[in-house]
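Down below is the structure, laid out as structure tokens.
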Amino acid sequence: MERKGFTRQGRNIAALAASVGIVAAGIAAAPIAGAQSSTWTMPALRGEVLERAVNSVIGAAGEDNVRFNIYDSVNNQVVYNYTNWVVCGQSPRADSTVKVGAKPQRVTFALKRRYPGC
12 MERKGFTRQG
22 RNIAALAASV
32 GIVAAGIAAA
42 PIAGAQSSTW
52 TMPALRGEVL
62 ERAVNSVIGA
72 AGEDNVRFNI
82 YDSVNNQVVY
92 NYTNWVVCGQ
102 SPRADSTVKV
112 GAKPQRVTFA
122 LKRRYPGC
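Just remember that the working numbering sits 11 ahead of the position in the sequence shown, which is counted from 1.
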């Protein structure tokens, strides 16, 4: 008695195994899309407008790797418009190397109003 369809089923299984092998090899060889270096350098931002300072830090570290602590160093005002403020102090200090960890790095900016500035 001849089994019909058994040879066809065997070809289908072989084709499936080959396809899975190709996909698995492609996944293993593909680079990780969101991979970044394990450190970044804090830019020097004293005297910089707050909006540009925030963008510089995000450009250096990546948006997911930083959390900002921004405060008015004179009158304790709420900071809404980032173009009206100037960075007068920063932490971490300028040109320091910062490690990327499991938690985002806290970046602190002490601010004054843009005019007269620091």
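Here a beta-carbon is modelled for each residue, glycine too, at the ideal position from N, C-alpha and C.
All values derive from a computational prediction rather than experimental measurement.
| Item | Value |
| --- | --- |
| Hey, quick one: how far does the alpha helix (DSSP H) through Leu133 stretch, first residue to last? | The question about residue 133 has no answer, for the chain in this structure spans 12 to 129. |
| Nearest CA to the CA of Glu62: which residue from Ser49, Phe120 and Arg104? | Phe120 |
| Tell me whether the beta-carbon of Val68 lies closer than 8 Å to the beta-carbon of Pro54. | yes |
| Out of Ser102, Asp75, Asp106 and Glu74, state which residue places its alpha-carbon closest to the alpha-carbon of Ile81. | Ser102 |
| What are the start and end residues of the beta strand (DSSP E) that includes Asp106? | Looking at the DSSP string, Asp106 is not in any beta strand (DSSP E), and its letter there is neither H nor E. |
| From Arg125 to Ala71, what does the alpha carbon distance come to, in whole angstroms? | 24 Å |
| In angstroms with no decimal places, state the Cα-to-Cα distance between Trp96 and Asn86. | 13 Å |
| Does Val77 pass the burial test, meaning 16 or more other C-beta atoms within 10 Å, or should it be called exposed? | buried |
| If you measure between the beta carbons of Leu122 and Asp83, is that distance less than 8 Å? | yes |
| Could you tell me the distance, in whole angstroms, from the CA atom of Thr108 to the CA atom of Gly73? | 14 Å |
| For Leu122, which residues does DSSP report across the bridge? | Asp83 and Val98 |
| I need the straight-line Cα distance from Lys110 to Phe79, nearest angstrom please. | 16 Å |
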